[in-house]
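To start, the structure itself, in structure tokens.
There are 2 protein chains.
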Amino acid sequence: MTFETLSEHASFNGTMGFYRHDATETQCSMRFSVFVPPQAKDGPVPVLTYLAGLTCTEETFMTKAGPQRVAAELGLMLVAPDTSPRGENVPDDPDGGWDFGHGAGFYLDATEAPYAAHYRMCSYITQELNTVIRDGFPADPNRQGIFGHSMGGHGALTIGLKNPDTYRSISAFAPICSPLHCPWGDKALRLYLGPQQETWREYDAAELILSLSKDDAHGRPPLLIDQGMSDSFLKTQLHPHLLENACSEVGLSLTLRSHAGYDHGYYFISTFMEDHLRHHAAALK
Amino acid sequence: MTFETLSEHASFNGTMGFYRHDATETQCSMRFSVFVPPQAKDGPVPVLTYLAGLTCTEETFMTKAGPQRVAAELGLMLVAPDTSPRGENVPDDPDGGWDFGHGAGFYLDATEAPYAAHYRMCSYITQELNTVIRDGFPADPNRQGIFGHSMGGHGALTIGLKNPDTYRSISAFAPICSPLHCPWGDKALRLYLGPQQETWREYDAAELILSLSKDDAHGRPPLLIDQGMSDSFLKTQLHPHLLENACSEVGLSLTLRSHAGYDHGYYFISTFMEDHLRHHAAALK
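Chains A and B, in that order, are what the protein sequence lines are.
Going by the numbering used here, 48 is the number at position 48 of the first sequence; the sequence numbering is gapless.
Going by the numbering used here, 158 is the number at position 158 of the second sequence; the sequence numbering is gapless.
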């Protein structure tokens with residue numbers, strides 16, 4: 001598990017770094033970024049993984065969301081992977097779209113040709129990258145949380161819900177709450193997983209929640225979700241009411257905050273970033 | 001003085017906007033960004049103009065420096081112009097470099113052909129853009145400050161020092177302190193202003209400070225400058241010691257902070273942004 005340092009920068013008395021490695025799961029070079037807070041000088045710190053949205057990279061969160069100040073205060077390590085495998089050998093959207101393929105891995109393990117060989121972002125994040133971080137950085141692997149935005153909110157919810165022993169806190173900004181019920185999800189899951197919708201359910205946050213027993217749901221960490229009410233994707237792609245209904249059905253604790261005037265972008269995300277970091281820090285203490 | 005709204009986004013209970021207008025001074029379409037804090041609902045607020053560095057645009061500061069949170073707390077309007085005139089008709093670096101021409105206006109009024117017609121960033125900022133902001137936004141023109149980074153630090157220092165009635169507070173991140181004594185300055189001022197170095201002095205912060213009488217210097221607002229000690233441009237281009245010497249010579253109050261480990265980029269700037277905003281807010285109350 002070796003990786004190469006691309007650049008490191010002092011930031012809020014911690015270190016903001018960009019790295020790459022040859023990943024086994026995705027069979028390509030993968031980039032990722034890590035913010036190491038100053039508290040890591042004194043021992044392992046909790047790890048919070050952020051999954052970005054369509055068209056983003058490992059850099060977007062770290063440059064646009066402004067998470068370092070509060071992460072440095074709370075002693076949280078931040079990890080941001082890229083949003084898909086990339087490279088000339090990695091098949092892209094056959095139609096040249098921005099909502100599938102490069103920059104749009106949907107944080108799943110594809111089963112359909114020609115995508116199955118490279119598009120294994122779920123295993124990459126939960127296993128391979130997790131091992132790289134555990135071995136290469138002053139991380140406490142027993143205190144991890146996960147969050148994300150839009151497609152990455154979908155990724156954080158599904159990965160977090162399926163791996164409760166790894167991720168002890170979950171939150172999302174404007175997540176895709178049910179890929180089964182939106183055009184982005186229908187396109188991506190059909191191409192990555194095939195036409196049998198039954199196989200899509202394990203990558204659908206609302207369905208995963210509905211599959212929890214009430215006892216299991218009761219023991220899960222509470223979800224925090226922020227949603228802008230001027231988000232142009234709210235009614236067509238995101239459907240937070242499906243998540244709300246599912247949580248209500250099984251008794252999973254959800255704080256869903258609706259913010260008048262806010263849109264889908266990083267000015268929305270940065271506004272509420274501090275609340276999310278404090279949500280995770282409280283669970284990971 | 002009309003302008004077009006390109007986009008507006010809610011941010012920290014204020015509004016982050018991007019705009020364009022056909023500028024008279026620079027004879028081209030100019031973009032600028034404005035953050036209006038929530039306090040502007042109750043009346044005009046102080047205005048803080050940020051000048052960015054080489055290769056940057058009106059967007060860089062607002063996306064990468066994370067100033068909105070504290071500006072919203074302090075009730076400061078933030079204004080960021082582009083770093084040069086642009087467009088097919090605007091002459092660029094004859095050698096294709098990134099340190100002159102488009103993205104590198106050096107915040108001066110050029111006198112040499114073929115640059116003099118468009119490269120009038122000094123007059124554009126102090127007069128034309130200032131009027132647009134005064135007339136189009138809830139700004140208090142009697143409470144203005146100016147700051148910037150690198151080439152924009154040079155711009156903020158020179159423009160601020162020459163216009164004390166307009167700008168009542170000044171600060172900079174890793175500024176070019178004396179264009180007369182660095183390769184970037186030598187190239188740009190030679191092409192924009194011609195070979196007579198005497199004409200360069202009004203665009204050299206160290207020289208401008210040395211030209212102040214002790215009485216004048218004593219009445220000026222104190223300067224705040226942050227400098228990273230791992231900044232790769234520190235010894236070749238920036239020369240803060242020349243500014244320090246000049247301030248000492250005439251008795252101008254300067255707080256020059258040197259930060260071990262920090263480089264020239266926006267992770268450095270964002271780390272110390274809050275201190276600069278509080279420096280300006282204190283002067284503009």
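Cβ coordinates follow ideal geometry from the N, Cα and C atoms, glycine included.
Asked, Found
"Beta carbon proximity, F18 (chain A) to chain B, threshold 8 Å", "no"
"Complete runs of the beta strand (DSSP E) confined to the region 88 to 164 of chain A [at least 3 residues]", "139 to 149"
"H154 (chain A) and P179 (chain A) closer than 8 Å at C-beta", "yes"
"C-alpha gap between Q27 (chain A) and C56 (chain A), whole angstroms", "20 Å"
"Contacting positions in the region 34 to 65 of chain B - beta carbon closer than 8 Å to chain A", "T63, K64"
"Three-state class that DSSP yields for M229 (chain A) in the structure shown", "coil"
"Any non-hydrogen atom of the ligand SAM within 7 Å of T199 (chain B) CB", "With respect to small molecules bound, the structure shown includes none, and the ligand SAM cannot be examined in it."
"With 16 other Cβ atoms within 10 Å as the buried cut-off, status of M62 (chain A)", "buried"
"Check whether G14 (chain B) and P37 (chain B) have beta carbons under 8 Å apart", "yes"
"Spatially closest choice to M121 (chain B) from B:S11, B:D186, B:K187, B:T158, by CA coordinates", "B:T158"
"Beta-bridge pairing of V250 (chain A) - partner residues as DSSP gives them", "According to DSSP, V250 (chain A) bridges with nothing at all."
"Cβ-Cβ distance between S169 (chain B) and G145 (chain B) below 8 Å", "yes"
"Cβ contact check for the region 268 to 276 of chain A and the region 207 to 218 of chain A: 3 or more pairs under 8 Å", "no"
"Chain B within 8 Å of A71 (chain A), Cβ atoms only", "no"
"Proximity of P44 (chain A) and P138 (chain A) at Cβ, strictly below 8 Å", "yes"
"Where the beta strand (DSSP E) through D22 (chain A) begins and ends", "14 to 23"
"Cβ neighbours of A72 (chain A) in the same chain (closer than 7 Å, five flanking residues each side left out)", "F12, N13, G14, P37, P38"
"Residues of its chain near D226 (chain A), where Cβ-Cβ distance is below 6 Å and the 5 sequence neighbours each way are ignored", "F173, R257, F272"
"Cβ separation of H239 (chain B) and S171 (chain B), assumed to be a contact under 8 Å, to the nearest whole Å", "About 18 Å; that fails the 8 Å criterion."
"Contact with chain A by S11 (chain B), beta-carbon distance below 8 Å", "yes"
"Per-residue DSSP class, three states only, for T271 (chain A)", "helix"
"Test: S270 (chain A) CB closer than 8 Å to a CB of chain B", "yes"
"Closer than 8 Å to chain A by CB, G265 (chain B)", "yes"
"Top-ranked residue by Cα proximity to L254 (chain B), from B:E202, B:G265, B:L277, B:L224", "B:L224"
"Close-in-space but distant-in-sequence residues of the same chain around G261 (chain B) (CB under 6 Å, 5 per side omitted)", "S230"
"Partners in chain B for Y262 (chain A), counting only beta-carbon separations shorter than 7 Å", "A10"
"Alpha-carbon to alpha-carbon, A52 (chain B) and K214 (chain A)", "54 Å"
"Beta-bridge partners of M306 (chain A), as assigned by DSSP", "The displayed coordinates of chain A run from 1 to 285. Any statement about residue 306 (chain A) would go beyond what the structure contains."
"Sequence-distant residues of the same chain with beta carbon closer than 8 Å to A10 (chain A), five excluded per side", "M16"
"Supposed contact pair Y19 (chain A) and R31 (chain A) - C-beta distance, whole angstroms, cut 8 Å", "7 Å"
"First through last residue of the beta strand (DSSP E) which encompasses H9 (chain A)", "4 to 11"
"Sub-8 Å separation of I133 (chain B) and S150 (chain B) beta-carbons", "no"
"R292 (chain A) - DSSP class collapsed to helix/strand/coil", "Here chain A covers residues 1 to 285 and nothing more, so residue 292 (chain A) does not appear."
"Assigned exposure category for P85 (chain A) - 16 Cβ within 10 Å defines buried", "buried"
"Candidates B:F3, B:S7, B:V34, of which the one nearest H21 (chain B) by Cα", "B:F3"
"Burial state of N142 (chain A), where buried means 16 or more other Cβ atoms lie within 10 Å", "exposed"
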